[in-house]
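Right, one structure below, let's go through it.
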Amino acid sequence: SPSTLPYTAPVHVRVSSRGFAEMPSLPQFAAPKQDTNVHPEANEIVESFRDEIVAFHTAVDGRLVSVHTLINNIAVANNKPPMPPPAIAFLVELKQDQKTGPDGPIITEEQLIAAFKKLVPAKDDKQVFEDKVVTHIREATDRLKYVAKVYPEIKQALTDFHRKIGGNSDKLYEWFCDLLPEGASVPKQAFLGMMMRVPPTMETVPLQAFLAGVRDNMDEKDTADRFIEVCEKHACQAC
């Protein structure tokens, strides 16, 4: 439901010509250390990048699902396993009565900033934190600004296509594969579990999950014309 976190830990899938690299399995989560054990300089380090963190928060309207994606991308980029939803909820100190939107919980700027403070290892200084974390925040924000311009142009085409095929997961997967670079491949389970954020065995993907999955996995290489073309092509094939 909208008030719950996604089924699986979302990871923004960037597919290259080499194809899909299988993500590591999720280990049992070890809870973040409490504030008394947080790096003494973490507050100063993170506060120095407050503007970047707030810019990302604004770009995603505080959606926890998007925060989850960002943190998992940062983890994977630094050779760490992605966090499952309960871990993210604990990290941001999600409250039972937290405001929710169509995509789930909405967190505040201060919750996001506090979460990053918990993630600063004692051995890291400001430069290391910028290299390991802030660069990814900036990249994500730039991508989101681009998506904010393109997504409204394709939303209706996506909606019409989804309605035409009744959300059938096989047909959605065929559509997705048509969008991949030549020679690239992504397993159907990864498409459903990581990108659509639904159970990998689900036969019908809800419209909201489809739209959110597309929006959250677009990047600067994606164009409105290409999306609309592929949507129309596969909608016609379903006639």
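Numbering follows full-length UniProt numbering, in which position 69 of the sequence shown is assigned residue number 69; successive positions increment by one, without gaps. Backbone N, C-alpha and C define an ideal beta-carbon position, used for all residues, glycine too.
* To do: For the segment 59-66 and the segment 92-104, state whether three or more C-beta atom pairs, one from each stretch, are separated by less than 8 Å.
  => The answer is yes - the segment 92-104 touches the segment 59-66, with three or more Cβ pairs under 8 Å.
* To do: Determine the direct distance from the alpha carbon of HIS234 to that of GLU153, and round the result to whole angstroms.
  => It is roughly 18 Å from the alpha-carbon of GLU153 to the alpha-carbon of HIS234.
* Name the two residues that bound the continuous alpha helix (DSSP H) containing PHE56. => Residues 50-59.
* Could you tell me the distance, in whole angstroms, from the CA atom of GLU174 to the CA atom of GLU203? => About 13 Å.
* To do: May I ask you to list the residues that DSSP assigns as paired with ARG63?
  => Per DSSP, ILE106.
* Asked: Any idea if VAL128 is buried or exposed, counting beta-carbon neighbours within 10 angstroms, 16 or more meaning buried?
  -> A residue is called buried when at least 16 other Cβ atoms come within 10 angstroms of its Cβ; VAL128 does not meet this threshold and is exposed.
* Which residues DSSP lists as bridging THR141, in chain order -> DSSP, once it has assigned bridges, lists no residue as partnering THR141.
* To do: Could you say if the segment 142-150 and the segment 185-195 meet the contact criterion of at least three C-beta pairs nearer than 8 Å?
  => The answer is no - the segment 185-195 does not touch the segment 142-150, with fewer than three Cβ pairs under 8 Å.
* Given LEU179 as reference, the closest of ARG163, CYS231 and ALA115 once Cα atoms are compared -> Considering only alpha carbons, the answer is CYS231.
* Could you have a look at THR204 and say whether DSSP puts it in helix, strand or coil? => In the displayed model, THR204 falls within a strand according to three-state DSSP.
* Which class does THR135 belong to by DSSP, given the choice of helix, strand or coil? -> Three-state result, THR135: helix.
* Which of the three DSSP states, helix, strand or coil, is assigned to ASN79? -> In the three-state reduction of the DSSP assignment, ASN79 falls in the coil class, being assigned neither a helical nor a strand state.
* Asked: In the structure shown, what three-state DSSP assignment does GLY183 receive?
  -> Coil.
* Cα-Cα separation between MET196 and ILE45, rounded to whole angstroms -> So the two alpha carbons sit approximately 34 Å from each other.
* Asked: For the candidate residues VAL205, ARG163 and ILE71, whose alpha-carbon lies nearest to that of GLU139?
  -> When each option's Cα is compared against that of GLU139, the closest is ILE71.
* Asked: Expressed to the nearest angstrom, what Euclidean distance is found between the alpha-carbon atoms of PRO85 and VAL54?
  -> Each residue's alpha carbon lies about 22 Å from the other.
* Within its chain, find whatever has a CB closer than 6 Å to the CB of GLU229; leave out the 5 residues flanking it on each side and keep chain order. => Around GLU229, the same chain offers no residue with a beta carbon nearer than 6 Å, after the five sequence neighbours per side are excluded.
* To do: Check the C-beta distance from LEU144 over to LYS118 and give it rounded, since I have them as a contact under 8 Å.
  => Actually they are not in contact, since the Cβ atoms of LEU144 and LYS118 sit about 23 Å apart, beyond 8 Å.
* To do: Consult DSSP for GLY193 and reduce its assignment to one of helix, strand or coil.
  => DSSP places GLY193 in helix when its eight states are reduced to three.
* DSSP state of THR159 mapped onto helix, strand, coil -> THR159 sits in a helix when the DSSP states are folded into three classes.
* Asked: In the DSSP assignment, what are the bridge partners of ASN168?
  -> Per DSSP, THR204.
* Asked: Where does GLU220 fall in DSSP's three states?
  -> Here GLU220 sits in coil by DSSP.
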